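Some notes on the structure that comes next.
Number of protein chains: 2
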Amino acid sequence: MASEESVRRVDDAGAPADGVTADAAVEIIQREMTAFARRARASAERMHPQLSLVSYTLLGHLQEVGGCRATDLAAHYSLDKSTVSRQVTALDRAGLIERRLDPEDHRVHVLHLTPVGTAVLALVTRSRRALFRERLSGWPEEDLTRFASYMVRYNAAATAYETEQPEAGPPVG
Amino acid sequence: MASEESVRRVDDAGAPADGVTADAAVEIIQREMTAFARRARASAERMHPQLSLVSYTLLGHLQEVGGCRATDLAAHYSLDKSTVSRQVTALDRAGLIERRLDPEDHRVHVLHLTPVGTAVLALVTRSRRALFRERLSGWPEEDLTRFASYMVRYNAAATAYETEQPEAGPPVG
DNA sequence: GCCCCAAGTTGTACTATGCAACCAGGGGAG
DNA sequence: CTCCCCTGGTTGCATAGTACAACTTGGGGC
């Protein structure tokens, strides 16, 4: 057998991320985030065949902002408008959202969750939450809140980086 | 009780993840991980058009274990063997890995990184590391190490859950 | 009124993926 | 030794998600 398990797998299960240096910590974070990202989509599809990760996110956004245009979704999630258009078409056909023609600008379709969409979103959210809760069960509350704040902080940094990278000038002027 | 809507957008940007409860923390973690996962792939592709997230992961695994079979990769990453086969074919054609016919079992191709593959992997790892470092710059070392350990802990739980789910009986007998 | 811009849709192409069918080699039962 | 079945891998097909480009429709300035 080629069981050359001589590798130092600092990241596997009972990794001692206690005495590590900042560099090593960054390395571990990178690896773990990568592993997580790779798994996430497939795992999400397995869990909710009806609602892909992107669709879920779009529905969530609609609920959060209470209706917006496809263009807004595209901008917010760095997706092409054609991609959003097809996703929206699918969500519409599935009865999860509806497109209301903006009376003031007939180019615009304002997207709104339907009751069904709201229900499905709640359902998926609930089951996602349950899954996360299971994975995070047994964590001290202190760790949970810290983890949450780290994720927020990390994503904020990542988002900031993303939005300052594109060549499209921000409409600050 | 279908009124899970108690937690509303506690999570946006400058969220106060300080005094939150465990439930809210789980909610935030879920949302942030979701957001991260959604972004990760596209962001990775933008960064390294030559090496997708999956390819990168596969190369990394090969380096880590020092060569293995396609089947091992498929099992380890919950991918279909056809998917791995195609990825491996691409990596082989790109000269990043080589397939060595196992002299003991001619069904088996043992995959090894080529020098080029090692170099590319190092390159991509370096630039990924730089990106993460940038996002994590300014974090106190204590937070970094804690974040790292949280990610490890979370992924370990997620992995455990995944590997105990499938209906395929474990080959313990 | 004409031209350009903005919002969306559609055509096309490409990648990643899975399932199923298949091919090839290995190993045990007869 | 031959046959069968299992395992590792490839290939055919289908699907989802995505981007880019061309097009359609509507709005607004000149």
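Listed in order, the protein sequences are those of chains A and B. With the first sequence counted from 1, adding 317 to any position gets you my numbering. With the second sequence counted from 1, adding 317 to any position gets you my numbering. Note that the Cβ used here is the ideal one computed from N, Cα and C, for glycine as well. It should be emphasised that the depicted structure is a prediction, and the values quoted were computed from it without experimental measurement.
Residue environment, residue i, which counts as buried when at least 16 other CB atoms sit within 10 Å
i, result
"methionine 364/B", "exposed"
"threonine 442/A", "buried"
"serine 360/B", "buried"
"serine 293/B", "With chain B represented from 318 up to 490, any question about residue 293/B goes unanswered, as that position is not in the structure."
"glutamate 344/B", "buried"
"histidine 423/A", "exposed"
"arginine 417/B", "exposed"
"valine 405/A", "buried"
"leucine 440/B", "exposed"
"glutamine 347/A", "buried"
"alanine 387/A", "buried"
"glutamine 380/A", "buried"
"arginine 403/A", "exposed"
"serine 320/B", "For serine 320/B, the predicted model reports a pLDDT of 36, less than 50, meaning its position is unreliable and no value from the coordinates is stated."
Residue j beta carbon less than 7 Å from that of residue i
i, j, result
"glutamate 349/A", "asparagine 472/B", "yes"
"leucine 390/B", "valine 401/B", "yes"
"alanine 465/B", "alanine 342/A", "yes"
"histidine 429/A", "glutamate 415/A", "yes"
"glycine 412/A", "valine 433/A", "yes"
"valine 425/B", "glycine 384/B", "no"
"leucine 370/A", "arginine 355/B", "yes"
Nearest neighbour of residue i, chosen from the options [CA to CA]
i, options, result
"alanine 474/B", "Ala477/A, Leu448/A and Ala475/A", "Leu448/A"
"leucine 375/A", "Arg452/A, Val469/A, Leu438/A and Leu461/A", "Leu438/A"
"glutamate 470/B", "Ala339/A, Phe353/A, Gly377/A and Thr338/A", "Going by the sequence as given, residue 470/B is arginine instead of glutamate. Of the listed residues, the one whose Cα sits closest to arginine 470/B is Phe353/A."
"aspartate 409/B", "Met468/B, Arg450/B, Thr435/B and Arg446/B", "Thr435/B"
"glutamate 451/A", "Arg445/B, Leu453/B, Arg446/B and Thr476/B", "Thr476/B"
"alanine 339/A", "Leu453/B, Met468/B and Tyr467/B", "Leu453/B"
"alanine 407/B", "Gln367/B, Asp419/B, Arg446/B and Arg445/B", "Gln367/B"
"glutamate 362/B", "His378/B, Gly377/B, Arg445/B and Arg403/B", "Arg445/B"
"leucine 461/B", "Tyr467/A, Ser399/A, Asp460/A and Leu461/A", "Tyr467/A"
"glycine 377/B", "Arg463/A, Asp419/A and Thr351/A", "Thr351/A"
For residue i, three-class secondary structure by DSSP
i, result
"valine 304/B", "The question about residue 304/B has no answer here: the residues shown for chain B are numbered 318 through 490."
"leucine 390/B", "helix"
"alanine 477/A", "helix"
"leucine 418/A", "strand"
"proline 457/B", "coil"
Proximity test, residue i beta-carbon vs the ligand ADP heavy atom, cut-off 6 Å
i, result
"leucine 390/A", "As presented, the structure is devoid of all ligands, the ligand ADP included, so that no description of it is given."
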